[in-house]
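*Asks:* Dropping a structure here in structure tokens format, bear with me for questions.
There are 2 protein chains.
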Amino acid sequence: MGRKVVYNRTIMDGQSISLQVVQPEGESRPERRDAIENRERILATAERLFAERGVAEVSMAEIAQSAGVGKGTLYRRFCNKGELCLALMDSQMRAFQDERLSEMREMTAAGVPYLTQLARFLEALVYFTRIHAPLLREVQQHSSALDEEEVERPHFWQYMTVHALLQRAVAANETLPDLDTAYVAEALLAPLEANTLRFQVENLNFSAERITAGLQSLVRGLRRAEREDSGTG
Amino acid sequence: MGRKVVYNRTIMDGQSISLQVVQPEGESRPERRDAIENRERILATAERLFAERGVAEVSMAEIAQSAGVGKGTLYRRFCNKGELCLALMDSQMRAFQDERLSEMREMTAAGVPYLTQLARFLEALVYFTRIHAPLLREVQQHSSALDEEEVERPHFWQYMTVHALLQRAVAANETLPDLDTAYVAEALLAPLEANTLRFQVENLNFSAERITAGLQSLVRGLRRAEREDSGTG
DNA sequence: TGTGTAAGTGGACTCTAGTCCGGTTACGTG
DNA sequence: CACGTAACCGGACTAGAGTCCACTTACACA
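These protein sequence lines map, in sequence, to chains A and B. In this text, residue positions in the first sequence follow the working numbering: the first is 11, and each later residue adds one. In this text, residue positions in the second sequence follow the working numbering: the first is 11, and each later residue adds one.
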């Protein structure tokens, strides 16, 4: 029942940001050669079939058959369809994380306010999520079912990042001091859930720019009004 | 493929709020007696089984069998499990809508700002959603799959309400004038999606009070800063 | 090079959602 | 009361997700 693959996670401590990669190959024995070949064939096949007909229209059985393996083999590597989808995005998710982290380091070095960094992060996330929405939908569908191990859920690092930025914004006096950073992080990420975003883009015809602007207006609302501190004591 | 039951919807036009109930019995022929009996037996059975073992643990086949009808009969009434769940909540959803509408009328009459009304609406919605989360999860799971007829999706009235309140807040000069009310309404409701709320309550141990407070801080952020209008032109 | 064993493999199996369709029955109409 | 028809009914059927388990094989070690 536990997941077979452990993905990388972003770790942001109080002072700095680091990327910690946890790989399954750190274990005792290396993967068997035939297993590696099969895994790669599975991924290549899934990618091709998904591209041809869409993620939702391709069954796990079909992927297995097309890849020339049995269902048992497929499920040994990927507990469910979501995990397979996650694996297909893995390198792009790593790249995205790396880009965000270095961008934030640069902005921090340049003295850009944390709330501005947050707005920028959300903007980037809008584009990333929109592009990968079909795969992410599958991923999130399955991860929401798992109660245990929230830390391992694929988008925990998004939450970590937003939360850390909010905490720093509070520490830097950019917001009201009693902001509930943990909840607000959840609330800001909720409209970026793949399903929700897809609905907004495809059914409501919201553009990515419009969504970004809307999120930024919410972030701006967190800002302590500049004249407030000279007001009623 | 179309839905068998049409539920009530809240209609908020520019000036007033009204509740429009659309009932299937407005059609040509009344329902057959045996059909009515079966429907009631199905609903009672489903309610009992859900209470005993949880919504997710009860299959449609089991409901049909326990109610003494075939699967075909069950699906004739309720296109999917979500619709069945929706039917089980119907009276309570109507009551909730009525309460909100009359509350808002009173508040408007008393001159309560629209953003305050919005905060109050979201608070009530937190409690409602939390209580009905198991059923709502099923409902939302299915409605997100349907692309067409967004107007009919069960929570459209929530969106309508929030959107209308935001529009009035803009008109009443309570917010910045360029607020994207359509998007912000979506964004404020996203963290109240049943799945999301359940995760926050059960896995993160957020209390309803905490969630309400967090949402209120976001709503407060929409408020135009009081001293702003005397500032830079 | 032989061997033990843990990892890998395939496909039959279960479980559930949802569809289909031939037979049945309530009920408005004459 | 007879009758036509549209609504109703039940259960067999399809299809997909995920599980299970007996069989096979790579590979570390002797």
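The C-beta atom is built at its ideal place from N, Cα and C for all residues, glycine as well.
With 7 angstroms as the threshold, decide whether the Cβ of P201(B) is near any Cβ in chain A.
*Replies:* Residue numbering aside, residue 201(B) sits at position 191 when the second sequence is read from its first letter. P201(B) counts as touching chain A.
*Asks:* Could you please give the first and the last residue of the uninterrupted alpha helix (DSSP H) stretch that includes F60(B)?
*Replies:* Indexing the second sequence from 1 puts residue 60(B) at position 50. Where F60(B) is concerned, the enclosing alpha helix (DSSP H) stretches over 43 to 63.
*Asks:* Short check: CB of L176(B) to CB of T191(B), under 7 angstroms?
*Replies:* For the purposes of this step, residue 176(B) is taken as residue 166 along the second sequence, with counting starting at 1. For the purposes of this step, residue 191(B) is taken as residue 181 along the second sequence, with counting starting at 1. Closer than 7 angstroms, so yes.
*Asks:* Check each candidate in R140(A), H152(A), L186(A), A182(A) and name the one with the smallest Cα separation from E219(A).
*Replies:* Sequence index remark: in the first sequence, residue 219(A) carries index 209 (1-based). It is R140(A) whose Cα lies nearest to the Cα of E219(A).
*Asks:* Taking Q210(A) as the query, report the chain B residues whose CB atoms sit under 7 angstroms from its CB, ordered along the chain.
*Replies:* One-based indexing of the first sequence puts residue 210(A) at position 200. E196, listed in chain order.
*Asks:* What is the DSSP secondary structure of A235(B), reduced to helix, strand or coil?
*Replies:* The sequence position of residue 235(B) within the second sequence is 225, counting from 1. A235(B): coil per DSSP, three-state reduction.
*Asks:* Have a look at A197(A), R110(A), L94(A) and flag the residue whose alpha-carbon is nearest the alpha-carbon of H152(A).
*Replies:* If you number the first sequence from 1, residue 152(A) lands on position 142. Of the listed residues, the one whose Cα sits closest to H152(A) is L94(A).
*Asks:* Which residues in chain A sit within 9 angstroms of L232(B), going by Cβ to Cβ distance?
*Replies:* Working through the second sequence from its first residue, we reach residue 232(B) at position 222. Here the neighbours are S227, L228, G231.
*Asks:* Compare the C-beta of Y169(B) with all C-beta atoms of chain A and state if any pair is closer than 7 angstroms.
*Replies:* If you number the second sequence from 1, residue 169(B) lands on position 159. No, because no Cβ of chain A sits closer than 7 angstroms to the Cβ of Y169(B).
*Asks:* Are there 16 or more other CB atoms within 10 angstroms of the CB of G201(B), so buried, or fewer, so exposed?
*Replies:* Residue mapping note: residue 201(B) aligns to position 191 of the second sequence, counting from 1. Residue identity differs from the one stated: residue 201(B) is Pro in this sequence, not Gly. With 16 or more other Cβ atoms within 10 Å, it is buried.
*Asks:* Whole angstroms are fine: how far does the CA of V229(B) sit from the CA of E184(B)?
*Replies:* Indexing the second sequence from 1 puts residue 184(B) at position 174. Indexing the second sequence from 1 puts residue 229(B) at position 219. When rounded, the distance between both Cα atoms is 11 angstroms.
*Asks:* For E148(B), count neighbouring C-beta atoms within 10 Å of its own C-beta (all shown protein chains included) and say buried if the count is 16 or more, exposed if not.
*Replies:* Here residue 148(B) corresponds to residue number 138 of the second sequence, with the count starting at 1. Result: buried.
*Asks:* Report yes if the C-beta distance between L199(A) and Q226(A) is below 7 angstroms; otherwise report no.
*Replies:* Translated into positions along the first sequence, residue 199(A) becomes position 189. Translated into positions along the first sequence, residue 226(A) becomes position 216. Not a contact, by the Cβ cut-off of 7 angstroms.
*Asks:* Since L189(B) meets chain A, which of its residues come closer than 8 angstroms, beta carbon to beta carbon?
*Replies:* In the second sequence, residue 189(B) corresponds to position 179, counting from 1. Result: S227.
*Asks:* Leaving out the 5 sequence neighbours to the left and right, which residues in its chain are closer than 7 angstroms to V211(B) when beta-carbon positions are compared?
*Replies:* Numbered from its first residue, the second sequence carries residue 211(B) at position 201. For V211(B), where only same-chain residues beyond five positions count, the Cβ hits under 7 angstroms are R140.
*Asks:* Mind reading off the beta-carbon distance from G224(B) to A197(A)? Whole number of angstroms is fine, and I expect it under 8 angstroms.
*Replies:* Within the second sequence, residue 224(B) is the residue found at index 214, counting from 1. Within the first sequence, residue 197(A) is the residue found at index 187, counting from 1. Right, the Cβ-Cβ distance comes to about 6 angstroms (below 8 angstroms), so this counts as a contact.
*Asks:* Can you find the residues in the same chain that come closer than 6 angstroms, C-beta to C-beta, to A129(B), ignoring five residues on each side of it along the sequence?
*Replies:* Looking up residue 129(B) in the second sequence gives position 119. Around A129(B): Q226, V229.
*Asks:* Please work out which residues of its chain come closer than 6 angstroms, Cβ to Cβ, to Q127(B), disregarding the five sequence neighbours upstream and downstream, and give them in chain order.
*Replies:* As a working mapping, residue 127(B) is identified with position 117 in the second sequence. Excluding positions up to five away in sequence, the list reads M114, M117, L175.
*Asks:* Just to confirm the assignment, what range does the alpha helix (DSSP H) spanning F138(B) have?
*Replies:* Position 128 of the second sequence, counted from the start, is the residue given in the question as residue 138(B). Looking at the DSSP string, the run of the alpha helix (DSSP H) that includes F138(B) is 124 to 141.
*Asks:* Quick one: Cα of A235(A) to Cα of L145(B), how far?
*Replies:* As a working note, residue 235(A) is residue 225 in the first sequence. As a working note, residue 145(B) is residue 135 in the second sequence. If I take the Cα positions, the gap works out to 41 angstroms.
*Asks:* Output needed for L98(B): all residues of its chain with C-beta closer than 7 angstroms, excluding positions within five of it in sequence on either side, in chain order.
*Replies:* Within the second sequence, the letter at position 88 stands for residue 98(B). Excluding residues within five positions, the ones whose Cβ falls inside 7 angstroms are L53, A56, E57, L145.
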